[in-house]
Amino acid sequence: MSVSIVSRSSWGAQPWNGTPDAVALSQRTEFFIHYDGAHHITATGKSVPQAIERQHIAQGWAGVGYNFVIDQAGTIFEGRGWGKQGAHCPGHNISGLGVQIAIGGDQEPSAKALSAARALYDEACRKTGRALAKKGHKDGFATLCPGGPLYAWVKAGMPAEGYDGGAAPVEDKPAAWDGKSFPGAGAFVIGKSHAAVTLLGKRLVAHGFGKRYTSGPGPKFSETDRLCVQDFQKAQGWSGSDADGYPGLSTWSKLMATPKNAAPTKVKYLSLSSLIKPGVKHSQVKKLQEFLVKAGYGPIKGAYTTYYGKETQAAVARFHKKNPTLASKSYDPAIGAKGFVELQKEAAAK
Ligand SMILES: [Zn+2]
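With this note's numbering applied, the sequence shown has no gaps in its numbers, which climb one by one up to 344 at the end.
As structure tokens, then:
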């Protein structure tokens, strides 16, 4: 089951009132369920996180204090998201992801809200690579939160439609991978190996996002891989959960595409024929004359010919005057093999 999250920008969040600290997924060990408080809530949609935001900013917080908020329609809204410190349970705001299910008092949560919360929990376990402890707010702090019905649900192991309740998060079945298509999110779990991780790393390097690697990428997905992916995602102008360092289909497609600033294919230069020396006639002399003129060592009277005469030698001497290390006493004023290549570079740069 994939989890769809309404980003802060999509629900119209205010700018952060002081940006919360970043928290790495590797620091998360707990998953806290909250409710809204004493009163029943009938509203669904954007107004739900917006109301929480108003309240939390009014008490001086950066914005919505929960990592996520889920309404009774089962829609998940981004608060602090996966990567920011929450403000939901003292002493557990770094280790714990806090999720509010928007109900209050003795209100019963909807099946949709519970399914969404369970799916979010499984997603959190997948992202962190561990089975996060399932907790209600009152497990970390003296409070009535998350209320009777939700607390009972947490203690029952967060059962929801499509889940067997209390079991370890469902692992993606390792299907045969074709070596190029998006392998599925299950290929990118911290500490787990998958052939796609190696390709991921190679493509990151090809796009210039491999600077963090100290050893060759793959096949085990590491925090370094995640940070490299995040650099790449941010470079696309993405943010929030779109830049969490875990490759989805969009990230994968962009990585597999040819890098925009790909290094130009290596230029091939002609190598000098061993027959070329002052006084000879050879078809390559014409090339030599062309390069000399193009690089600014002309004029060569009578060019272009196949004859390596005095005029060509004089042009080569002008080239050597500028590149004294390329002059060879024994062949001077012959261009020399290295000089011939250098001359072509200069000609190409004109
Ligand atoms: Zn709470």
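We put the CB at the ideal spot given by N, CA and C, even for glycine. Small disclaimer: the values here were computed from a predicted structure and weren't measured.
*Pick out the complete alpha helix (DSSP H) segments inside the region 187 to 249, 4 residues or longer, and give them in chain order.*
Fully enclosed alpha helix (DSSP H) runs of 4 or longer: 189 to 200 and 217 to 229.
*Exposure label - Asp65; buried when at least 16 CB within 10 Å*: So Asp65 ends up on the buried side.
*If you drop the 5 nearest sequence neighbours on each side, which residues of the same chain put their C-beta closer than 7 angstroms to that of Pro168?*
In this prediction, Pro168 scores a pLDDT of 45, lower than 50, which makes its location untrustworthy; no coordinate-derived value is stated.
*Which parts of the region 265 to 319 are runs of the alpha helix (DSSP H), unbroken and 4 residues or longer, counting only runs that do not cross its ends?*
Within the region 265 to 319, the runs of alpha helix (DSSP H) at least 4 residues long that lie entirely inside it are, in chain order, 277 to 288 and 304 to 316.
*May I ask which residues mark the beginning and end of the beta strand (DSSP E) holding Phe26?*
Note, Phe26: beta strand (DSSP E), Glu24 to His28.
*asked:* Which residues does DSSP list as the beta-bridge partners of Glu72?
replied: DSSP, once it has assigned bridges, lists Phe62 as partnering Glu72.
*Between Leu126 and the rest of its own chain, which residues show a CB-CB distance below 8 angstroms, the 5 nearest in sequence each way excluded?*
Correct list, in chain order: Arg22, Thr23, Glu24, Phe25, Leu91, Tyr115, Ala118 and Cys119.
*asked:* Using the Cβ count rule (16 or more neighbours within 10 Å means buried), how would you classify Gln283?
replied: In this structure Gln283 is buried. Its beta-carbon is surrounded by 16 or more other beta-carbon atoms within 10 angstroms.
*Mind the definition here: the region 52 to 59 touches the region 174 to 181 only if three or more C-beta pairs lie below 8 angstroms; say whether that holds.*
With the cut-off at 8 angstroms, the region 52 to 59 and the region 174 to 181 do not touch.
*Reduced DSSP category for Val42 - H, G, I as helix; E, B as strand; rest coil*: The answer is helix: DSSP assigns Val42 an H, G or I state.
*Can you find a heavy atom of ligand 1 that lies under 7 angstroms from the Cβ of His28?*
Shortest gap from the CB of His28 to any heavy atom of ligand 1: under 7 angstroms.
*Between the region 223 to 236 and the region 104 to 112, are three or more C-beta pairs nearer than 8 angstroms?*
The answer is no - the region 104 to 112 does not touch the region 223 to 236, with fewer than three Cβ pairs under 8 angstroms.
*To which residues of the same chain is Ala45 closer than 8 angstroms at the C-beta, ignoring the five residues directly before and after it?*
Taken in chain order, the residues that qualify are Ala37.
*Is it buried or exposed for Ala32, if we count other Cβ within 10 angstroms and need 16 for buried?*
Answer is exposed; the Cβ neighbour count stays below 16.
_Lys106 (DSSP reduced to helix, strand or coil)_ = Three-state result, Lys106: helix.
*Assign Pro140 to buried or exposed, taking buried as 16 or more other Cβ atoms, counted over all protein chains shown, within 10 Å of its Cβ.*
Per the 10 Å Cβ criterion, buried.
*Within this structure, are the beta carbons of His50 and Gly98 separated by less than 8 angstroms?*
Not in contact: His50 and Gly98 (Cβ atoms no closer than 8 angstroms).
*Give the DSSP bridge partners of Gly130, in chain order.*
According to DSSP, Gly130 bridges with Ile27.
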